[in-house]
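Reviewing the structure listed below.
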Amino acid sequence: MSDDDAATAWREWHEHRTATVSGPYGPLTLTGTHWLSEAGAEHPDGRIPAVPGRWRATDGGVLLSAAAEDGLALDGGPFVGEVVLAADGGGAARSRISAGDVRLPVIRREGEWAVRVHDPDAPARRAFVGIEATAYDPAFALPGRFRPYGEGRTVQVANADGRERGLGLGGELSFSYEGSPHTLQVAVDDEDGSLWAVFGDTTGGRSSYRFRFLRPGIPAADGSITVDLNRALLPPCAFADHFVCPFPPPGNMLPFAVAAGERRLKDALVAGI
106 MSDDDAATAW
116 REWHEHRTAT
126 VSGPYGPLTL
136 TGTHWLSEAG
146 AEHPDGRIPA
156 VPGRWRATDG
166 GVLLSAAAED
176 GLALDGGPFV
186 GEVVLAADGG
196 GAARSRISAG
206 DVRLPVIRRE
216 GEWAVRVHDP
226 DAPARRAFVG
236 IEATAYDPAF
246 ALPGRFRPYG
256 EGRTVQVANA
266 DGRERGLGLG
276 GELSFSYEGS
286 PHTLQVAVDD
296 EDGSLWAVFG
306 DTTGGRSSYR
316 FRFLRPGIPA
326 ADGSITVDLN
336 RALLPPCAFA
346 DHFVCPFPPP
356 GNMLPFAVAA
366 GERRLKDALV
376 AGI
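Residue numbering for the sequence shown is 106 to 378, as defined by this note's numbering.
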């Protein structure tokens, strides 16, 4: 692909990304994440403040009990009774619960269940004016190579909500920038083999958000892959405080300025980038 074609593809990617994050149920709409272990201790009747219904964690999912006055809908139709909900993104068993325009998906992290609240009228969505991103620079599209570990590894890393959780890692992504070699520890998607990295760099907390994500795609059979830092992504927690985002694992702080890709929300205060 020529540099001009790559720049055009990047612009299309950026436009699509902006439309996605600002959509009616994109990351800007998350107004709450309610962990049921905490709610169960504080509210043994299964009630979550400002969330209709009664929610309880079970071995098979989240048991939701709803009365007519709760005003909940299941897959678009009025819902009264009980249903067991699978984690959002958990396959065909997943059902959609909503209260008016507000959606209430459930998630699971390390065995703990939570209910999320996505409100299309969230203040963050109404205030959104765009993502500050650096135009495509071919100097940041780097040839790389993926080396899988013999077996998966899990490291404990801090998360944006102040907790530590396990981060599964499947290998290392190596590349060079301005003549110096670098590596990132990456996760590997179980379904399609695509790579995902959480990384920081010297622009973090200054001209860019404190850390970012990178999804370089699926490596070739020989491990070769393009490490295109032009497609560095803001993590979900850059858009809303209620996301659980892992911080970079040890070794994933790049010692140079990645002045590329998504940098921060437009109009973001320096203290909040």
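Glycine is no exception: its CB is placed at the ideal position from the N, C-alpha and C atoms.
Margin query: Does residue 239 pass the burial test, meaning 16 or more other C-beta atoms within 10 Å, or should it be called exposed?
Written below: buried
Notebook entry, point to check: With DSSP run on the structure shown, which of helix, strand or coil describes residue 80?
Noted result: Not covered by the structure: residue 80. The range shown for the chain is 106 to 378.
Check: Of the choices 150, 318, 323, whose alpha-carbon is the least far from that of residue 296?
Finding: 323
Notebook entry, point to check: How far does the alpha helix (DSSP H) with residue 223 in it reach, from first residue to last?
Noted result: That residue, residue 223, is in no alpha helix (DSSP H); its beta strand (DSSP E) goes 217 to 223.
Notebook entry, point to check: In whole angstroms, what separates the C-alpha of residue 232 from that of residue 344?
Noted result: 11 Å
Check: With contact counted as at least three CB pairs below 8 Å, one residue from each stretch, are the segment 315 to 330 and the segment 106 to 118 in contact?
Finding: no
Item checked: Residues that DSSP places opposite residue 358 in a beta bridge -> 305
Item checked: Outcome for residue 263 when other beta-carbon atoms lying within 10 angstroms are tallied against a minimum of 16 -> exposed
Next item on the list: Go to residue 134, then tell me how far its beta strand (DSSP E) extends in each direction, as first and last residue.
Entry: Per DSSP, residue 134 belongs to no beta strand (DSSP E) and is neither H nor E.
Note to self: If I measure Cβ to Cβ from residue 275 and keep anything under 7 Å in the same chain, skipping five residues before and after, which residues do I get?
What the structure shows: 253, 254, 257, 291, 292, 293
Next item on the list: Classify residue 280 as helix, strand or coil using the three-state DSSP reduction.
Entry: strand
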